[in-house]
Every structure is written in C-alpha cells, then in structure tokens.
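Engineer: Sharing a structure here in structure tokens format.
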Amino acid sequence: MQAVAILGSRDTEGRTATATEALLEGLRQAGGEVSTVYLTHLDIERCRQCDNNGWGLCRREGRCVIEDDFAKTVAQLRTADAIVFATPVYYGDLSESMRAFTDRLRRISTGPGGKEGLSDKPTVGVCVAGGGGGGAPSCCVSLEKVLRTVGLDVVDLVPVRRQNMLLKGDVLHRTGAWLAAMPSSSGEF
Ligand SMILES: Cc1cc2nc3c(=O)[nH]c(=O)nc-3n(C[C@H](O)[C@H](O)[C@H](O)COP(=O)(O)O)c2cc1C
Numbered sequence: 408m409q410a411v412a413i414l415g416s417r418d419t420e421g422r423t424a425t426a427t428e429a430l431l432e433g434l435r436q437a438g439g440e441v442s443t444v445y446l447t448h449l450d451i452e453r454c455r456q457c458d459n460n461g462w463g464l465c466r467r468e469g470r471c472v473i474e475d476d477f478a479k480t481v482a483q484l485r486t487a488d489a490i491v492f493a494t495p496v497y498y499g500d501l502s503e504s505m506r507a508f509t510d511r512l513r514r515i516s517t518g519p520g521g522k523e524g525l526s527d528k529p530t531v532g533v534c535v536a537g538g539g540g541g542g543a544p545s546c547c548v549s550l551e552k553v554l555r556t557v558g559l560d561v562v563d564l565v566p567v568r569r570q571n572m573l574l575k576g577d578v579l580h581r582t583g584a585w586l587a588a589m590p591s592s593s594g595e596f
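Right, dumping it as structure tokens:
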C-alpha cells in the first residue's frame, strides 16, 4: 500500500517530523510505502474566497482557480491508499500551512467530482504540541472536523505533547502498522 504524509511544520527534524516518522516507520515495517510532503516547502496560498458570495470555481467545478502547488498535492492524495495529516499545535489549533491546505481541500470536495479518490480513504491525524503541551486535543478536533467534511475516513487522531513524546512514539509506530494493514475502504471493519 502507498501512503502520503502531509506535514504542516517547517522543521524536517522537529517534533512533528519525529512523531510522524514513528508512524511512518511502523507503516514501512508492515510493508507500506510512503511519500512525505512538507506544506511549508510548497507554494500554497490561502483561499481567495473568489466570488462576492464567498464561493468560486471550487463549488462549480470541484477545483481551485489558484495556480500553485495545491492541485498537484491533491492529485497525490487521490491516488494514495491512505493519508496522514500531521501538524504542530499552534494556539490549540492547526498550523497556518495546514489550515490553508485543508481549507482549500474542503472547498474543492464540495464541488462536482471533488471527493473523487478522497471519499472514505483511511486517514490518520497527528497533532503535536511542543510548548506548555496544551491544545493537542482541541487541534485534533479541528483537524477531524475539516477532514470529515472532505469525506475522508478519519480512522484515528493522535494528540501528542512534548512531555509524552516517548509514549506516543510507541502508539504512533503501532498506528502506522495498523494503517498499513487496513483495506482502502475501512467500511469493511
Ligand atoms: C504560533 C505558535 C503557537 C503555539 N501554540 C502552542 C499551543 O497552543 N500549545 C503548545 O503546547 N505549544 C504551542 N506552540 C509550540 C508548538 O506546538 C511547538 O513548537 C511544536 O512542537 C513545534 O513542532 P515542530 O518541532 O514540528 O515545529 C506554539 C508555537 C507557535 C509557533
């Protein structure tokens, strides 16, 4: 199986990367393959709210008018067997790069064909709090809300704080192996 991990951190050696790597290592050991995307390394604008009523091409055609790295990243998600979204916790919520990407993903998924290759796809969210450690659960709630609107099957959300990184590393490793063994449509479970 082929998974894609989308990360909303700048730091390829930071906490979000470390937590995600634990999950991906479990997934690889179970026979899966993974490609990793750092949103901050890409050119992805926030939504322009194109029309006066707030909608745009997204609702009419299930795609976004902005010509940046968004469409090619979505294409990667559509062909994957499973997706991992990992974000650092900022103010108890998603990072700005993760917010910008998932906001636009939600919009195109409301238009014709927009959910193609995304509906019911097994998806895991990881939210990593590295300051006081608060806000990871509320970040998970935000992430689940937007991903469910996209139509993804959010099979698990893992809140992590720097104080429990070791413990959650084990959980994430096992979560990766579990995800690798999951059928493309988790409705079979
Ligand atoms: C703008 C901003 C807001 C933050 N808000 C929180 C927070 O609400 N709770 C928390 O524990 N840490 C917070 N932090 C710390 C980040 O969660 C921490 O730096 C994170 O682990 C970084 O992940 P990274 O190493 O992948 O960059 C915040 C950091 C920034 C830059």
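Per the numbering used here, residue 408 is the first one in the sequence shown, and the count goes up by one each step.
Beta carbons are placed, not taken as given, at the ideal position from N, Cα and C, and that holds for glycine.
Since the structure is predicted, the reported quantities are computational estimates derived from the model, not experimental observations.
1. Can you list, in chain order, the stretches of the beta strand (DSSP E) that have 3 or more residues and sit fully within the region 515 to 586?
2. Report yes if the CB atom of L465 is closer than 8 Å to the CB atom of I515, and no otherwise.
3. In angstroms with no decimal places, state the Cα-to-Cα distance between A437 and A588.
4. Which runs of the alpha helix (DSSP H) spanning at least 4 residues fall entirely within the region 419 to 452, listed in chain order?
5. Looking only at its own chain, which residues have a Cβ that is under 6 Å from the Cβ of Y445, when we skip the five neighbours before and after it?
6. So what's V481 in DSSP terms, helix, strand or just coil?
7. Does at least one heavy atom of ligand 1 sit under 7 Å from the Cβ of V549?
8. When we look at the beta-carbon of A489 and count the other beta-carbons within 10 Å, is it buried (16 or more) or exposed?
9. Give me the Cβ distance between V441 and A410, rounded to the nearest whole Å; I'm assuming they're in contact under 8 Å.
10. Mind checking who T486 pairs with in its DSSP beta bridge?
11. Does L574 pass the burial test, meaning 16 or more other C-beta atoms within 10 Å, or should it be called exposed?
12. Taking 8 Å as the limit between beta carbons, can you name the residues of its chain near E474, skipping five residues before and five after?
13. Among V567, V565, G524, D560, which residue has its Cα nearest to the Cα of A482?
14. Pull up the distance between the alpha-carbon of V491 and that of V531, whole angstroms please.
15. Does DSSP classify A588 as helix, strand or coil?
16. Secondary structure at L501, three-state DSSP: helix, strand or coil?
17. Exposed or buried, H448, counting other C-beta atoms within 10 Å across all chains shown (16 or more means buried)?
Structural biologist: Per the coordinate set shown:
1. Annotation: the region 515 to 586 contains the following complete segments of the beta strand (DSSP E) (minimum length 3 residues), in chain order: 529 to 536, 560 to 568.
2. The sequence shown places Cys at residue 465, rather than the Leu named in the question. For C465 and I515, yes; Cβs fall inside 8 Å.
3. Cα-Cα distance, rounded: 7 Å.
4. Taken in chain order, the complete alpha helix (DSSP H) segments of 4 residues or longer contained in the region 419 to 452 are 422 to 436.
5. Excluding positions up to five away in sequence, the list reads L414.
6. Note: V481 maps to helix in three-state DSSP.
7. Note on identity: in this sequence residue 549 is Ser, with Val being the wrong assignment. Flag unset: Cβ of S549 not near ligand 1.
8. A489 should be labelled buried.
9. With a Cβ gap of about 5 Å, V441 and A410 count as contacting.
10. Partner(s): none; T486 has no beta bridge.
11. For L574, the number of other beta carbons within 10 angstroms of its own is below 16, and it is reported as exposed.
12. The answer is none, since no qualifying residue turns up.
13. The shortest Cα separation from A482 among V567, V565, G524, D560 belongs to G524.
14. The alpha-carbon atoms of V491 and V531 are separated by roughly 5 Å.
15. It is coil, neither helix nor strand.
16. For L501, the secondary structure class from DSSP, reduced to helix, strand or coil, is coil.
17. Result: exposed.
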